[in-house]
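Following: one structure in structure tokens, then a few remarks.
There are 2 protein chains.
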Amino acid sequence: MTIEFVNPPRRILMGPGPSEIHPRVLAAMAAPTVGHLDPYFLQIMDEVQSMLRQVFRTRNEMTLAVSGTGSAGMEACVVNLIERGDRMVVGVNGVFGGRMTDTAERAGAEVTRIERPFGEVFSVDDVAEAVDRVQPKVVGLVHAETSTGALQPLEEISRVVHDAGALLLVDCVTSLGGLPVEIDKWQVDAAYSGTQKCLSCPPGLAPVTFSANAVEAMDARTSKVQSWYLDMSMVRQYWGENRAYHHTAPINMNYGLHEALRLALDEGLETRFARHQRNHGALKAGLAALGIRYSVAEGMQLPMLNSVLIPDGVNDGEVRSTLLNRFGIEIGGGLGPMKGKTWRIGLMGEASREPNVLLFLAALEACLAAQGGAVVPGAGVAAANAAYAADK
Amino acid sequence: MTIEFVNPPRRILMGPGPSEIHPRVLAAMAAPTVGHLDPYFLQIMDEVQSMLRQVFRTRNEMTLAVSGTGSAGMEACVVNLIERGDRMVVGVNGVFGGRMTDTAERAGAEVTRIERPFGEVFSVDDVAEAVDRVQPKVVGLVHAETSTGALQPLEEISRVVHDAGALLLVDCVTSLGGLPVEIDKWQVDAAYSGTQKCLSCPPGLAPVTFSANAVEAMDARTSKVQSWYLDMSMVRQYWGENRAYHHTAPINMNYGLHEALRLALDEGLETRFARHQRNHGALKAGLAALGIRYSVAEGMQLPMLNSVLIPDGVNDGEVRSTLLNRFGIEIGGGLGPMKGKTWRIGLMGEASREPNVLLFLAALEACLAAQGGAVVPGAGVAAANAAYAADK
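Residue numbers (my numbering), protein chains in the order written: chain A, 160 to 551; chain B, 160 to 551.
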């Protein structure tokens with residue numbers, strides 16, 4: 160086997176992440192590596208922290224990038240907040256709530272799962288009932304369920320959680336940078352995200368933030384965090400003023416995140432959120448014209464992750480493989496119980512662009528027609544164009 | 160604060176890692192991101208595995224890159240091999256043996272530490288005595304102690320460990336790609352490394368390999384691995400034929416590692432090891448001529464990490480800061496109890512080059528002279544040049 164220099168095919172990344180990466184971010188990834196204690200890298204870390212605080216809309220001092228992908232961020236939050244025997248309530252309405260449950264149980268938490276069917280979200284009452292009953296230390300919820308495309312409102316739930324003296328842990332992997340994530344306003348105590356969704360940076364880091372109350376709970380631990388690698392009591396000494404060596408930070412990944420954050424803040428968060436909504440609206444109009452329905456009710460749909468029902472009689476694998484191989488477009492299949500039932504169409508970060516929406520609708524029409532679907536030629540693109548025109 | 164595009168200063172990375180990165184590796188880091196289930200990325204993963212097997216000199220199927228830095232590799236090995244209450248013997252003769260102890264205790268192991276002073280290594284008898292006494296499940300040793308610059312011989316110890324029915328876990332973070340690491344010949348059961356040392360890739364991934372016996376022990380577990388992120392029973396389903404989604408792999412980091420491995424194998428491992436020895440020899444000759452002694456006895460010195468005693472009366476911080484700010488050269492200070500006592504001069508991977516050796520000796524001479532040291536002008540460079548000439 161001859162192994163060649165990396166030479167990826169041209170792709171338009173419209174799956175559940177990674178999303179498209181801006182050329183400036185790729186250029187930053189290739190900047191010369193410096194040492195992890197080099198004054199220049201310490202400056203990069205400070206700037207990454209400062210920009211993450213803006214994106215998370217928080218003043219939390221302990222806001223940094225964990226040296227692993229989003230799931231490492233989930234684990235970092237869980238293992239630092241939980242000691243063996245602590246009670247935790249986790250909302251499971253998709254794969255990632257399930258993952259949080261698993262992670263918490265491995266950390267020794269006594270987990271109470273509250274459940275909603277995939278695609279639905281939790282009401283304030285759902286959470287209030289569980290919190291009253293369990294009196295947990297931590298309540299974990301997923302803001303934007305990547306597996307179902309559903310958006311969980313958090314502000315009122317946060318009040319219920321805090322009234323019961325619990326901490327609120329939120330999965331913001333798919334939401335951060337694509338719709339409002341208000342850590343301070345909503346009083347979220349701990350949150351984690353990934354770089355490869357609406358921040359449009361390659362995967363490899365997990366932004367996290369912890370409130371003063373969360374830090375206080377961590378400081379009050381009587382046992383060591385079970386993970387050495389993710390132990391925030393040490394990691395914060397490196398990101399903080401001490402600069403105490405913990406592990407060698409992924410230098411070039413932090414360069415990439417630095418540039419991705421600059422791009423997000425240069426655009427402006429509100430403008431960025433509006434762009435995600437606008438392209439979501441046009442995609443939705445186009446899909447409706449092709450007879451394709453969302454798997455999530457109106458009002459709970461994520462703008463960056465469009466989970467739609469595969470029409471009866473349409474071959475899932477064939478459509479996705481044609482999209483990939485003929486048009487260079489990646490979309491995601493369903494995850495867990497949604498496998499074979501849904502497509503997940505990402506419009507995340509740099510991928511949330513009008514040309515992507517139009518090209519995808521045109522390509523999907525071709526795929527459906529090839530399978531004998533009764534599509535009105537051009538209907539998807541026409542509806543999207545009309546939506547854009549109406550949105551001017 | 161205006162935040163600018165990343166613009167690192169020019170550095171020559173001669174510390175304990177990260178090491179210098181070949182431009183081709185940086186170029187690979189900037190290749191367009193594709194999806195983590197894209198057929199092209201699956202091919203990259205296969206090729207990374209194949210090349211890692213060559214570098215580790217193993218046929219172990221479970222050979223892959225963990226999505227974190229070297230310390231995540233350490234934790235991955237420990238938490239997958241250890242269940243709560245398992246006995247483990249760890250050799251502590253430097254910071255990284257100490258870290259392995261800490262990691263194992265957090266995983267619930269009953270750890271027996273065997274100790275040698277920093278800079279020394281373990282004899283076969285040291286290990287035999289502990290193994291007889293403790294009857295552990297796992298014995299953990301550090302092959303190349305980055306904190307002390309000492310090389311631990313492993314082949315005979317491996318026999319003792321296996322005769323007692325234990326598994327041998329080895330830290331190869333600093334050795335892999337710079338001196339022989341013979342996983343199969345030495346019958347090492349689990350090993351982890353980092354990308355940022357002698358493989359000369361930016362930090363961010365941890366190559367690991369597990370023997371059939373290690374996999375058997377992992378399959379025989381009665382409890383879940385405490386880390387979800389590092390659970391090899393799931394990670395292997397993604398790297399193996401199933402391609403089951405676990406977490407989103409750091410795509411561009413794997414591109415970088417792919418190219419770094421191509422470069423290492425193109426050079427040839429034996430040639431690469433000889434290059435590390437040759438530059439180490441010349442550096443040592445030059446340092447001797449400047450009156451600088453190693454902190455590790457002859458015969459146990461690592462070629463890629465030269466730990467030397469700071470001469471009396473020389474200001475550690477001033478020398479390192481002058482090297483960095485005036486000459487652009489990064490070297491490492493001492494770690495743990497060696498802080499302020501040693502310098503750690505890395506000649507790792509791409510940094511192990513004749514020009515680096517000569518420039519460093521010339522710059523160090525200037526630093527020592529500026530502090531009033533009694534150095535013979537040009538002596539270091541002359542001795543290194545003579546060593547290179549004799550080595551032709």
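No residue lacks a Cβ here, since even glycine has one placed at the ideal position from N, Cα and C.
query                                                                                                                      : result
Bridge partners - B:S466, DSSP secondary structure assignment                                                              : B:R503
Contact with chain A by B:W398, beta-carbon distance below 7 Å                                                             : no
Proximity winner among B:N239, B:F432, B:E429, relative to B:Q385 (alpha-carbon distances)                                 : B:N239
Whether B:I488 touches B:M173 by CB criterion (7 Å)                                                                        : yes
B:P366 (DSSP reduced to helix, strand or coil)                                                                             : strand
Enclosing alpha helix (DSSP H) for A:L520 [first to last residue]                                                          : 513-529
Within 7 Å, strictly: CB atoms of B:L335 and B:D348                                                                        : no
Selection from B:L416, B:K344, B:L520 that minimises the alpha carbon distance to B:L223                                   : B:L416
A:H417 at chain B interface by Cβ criterion, 7 Å                                                                           : yes
Under 9 Å (Cβ pairs) to chain A, residues found in the stretch 186-198 of chain B                                          : A186, A187, M188, A189, A190, P191, T192, V193, G194, H195, L196, D197, P198
Where B:Q355 falls, given that 16 or more other Cβ within 10 Å makes a residue buried                                      : buried
Beta-carbon proximity check, B:Y246 vs B:E274, cutoff 7 Å                                                                  : According to the sequence provided, residue 246 of chain B is Arg. The question's Tyr does not apply to it. It is not a contact, given that the beta carbons lie outside the stated cut-off.
Cβ-based neighbour list, B:P295, same chain, cut-off 6 Å, excluding 5 preceding and 5 following                            : R246, M247, V248, A325
Contact set between A:P361 and chain B, taken where Cβ atoms lie within less than 8 Å                                      : T192, P409, I410, N411, M412
Rounded distance between the beta-carbons of A:V473 and A:L115, thought under 8 Å                                          : Residue 115 of chain A lies beyond the residue range present for chain A, which begins at 160 and ends at 551; the question has no answer from this structure.
When A:E279, A:M233, A:S511 are compared against A:M259, the one with the closest alpha-carbon                             : A:M233
Proximal residues, the stretch 337-360 of chain B versus chain A, C-beta separation under 8 Å                              : G353, Q355
For B:F281, the nearest candidate out of B:D197, B:A263, B:V293, B:G256 (CA to CA)                                         : B:G256
Buried/exposed call for B:D322, threshold 16 Cβ in 10 Å                                                                    : exposed
Where B:E375 falls, given that 16 or more other Cβ within 10 Å makes a residue buried                                      : exposed
Collapsed DSSP secondary structure at A:M204 in the structure displayed                                                    : helix
Inter-stretch contact at 8 Å, needing at least 3 Cβ pairs: the stretch 362-382 of chain B / the stretch 206-226 of chain B : yes
Residue-chain proximity (A:W387, chain B), Cβ-Cβ < 7 Å                                                                     : yes
Secondary structure of A:D390, DSSP reduced to three states                                                                : coil
First through last residue of the alpha helix (DSSP H) which encompasses A:Y547                                            : 538-549
Any chain A beta carbon closer than 7 Å to B:V165                                                                          : yes
Check whether A:T228 and A:P362 have beta carbons under 7 Å apart                                                          : yes
Segment contact, 8 Å Cβ cut-off, at least three pairs: the stretch 515-534 of chain A with the stretch 161-181 of chain B  : no
7 Å Cβ cutoff met for A:L389 and A:A266                                                                                    : no
For B:T262 and B:V237, believed in contact at Cβ under 8 Å, the rounded distance                                           : 5 Å
Bounding residues of the alpha helix (DSSP H) (the contiguous stretch that carries A:M247)                                 : Careful: A:M247 lies outside any alpha helix (DSSP H), inside the beta strand (DSSP E) at 246-251.
For B:A152, three-class secondary structure by DSSP                                                                        : Any answer about residue 152 of chain B is impossible in this case: the structure gives chain B only from 160 up to 551.
Proximal residues of chain B, C-beta to C-beta of A:E509 below 8 Å                                                         : Per Cβ cutoff of 8 Å: no residues; A:E509 is ~10 Å from chain B at best.
B:P168: contacting residues in chain A (beta-carbon distance under 9 Å)                                                    : P191, V193, D197, P198, Y199
Local conformation of A:I316 per DSSP, three classes                                                                       : helix
Rounded distance between the beta-carbons of A:F486 and A:A522, thought under 8 Å                                          : 4 Å
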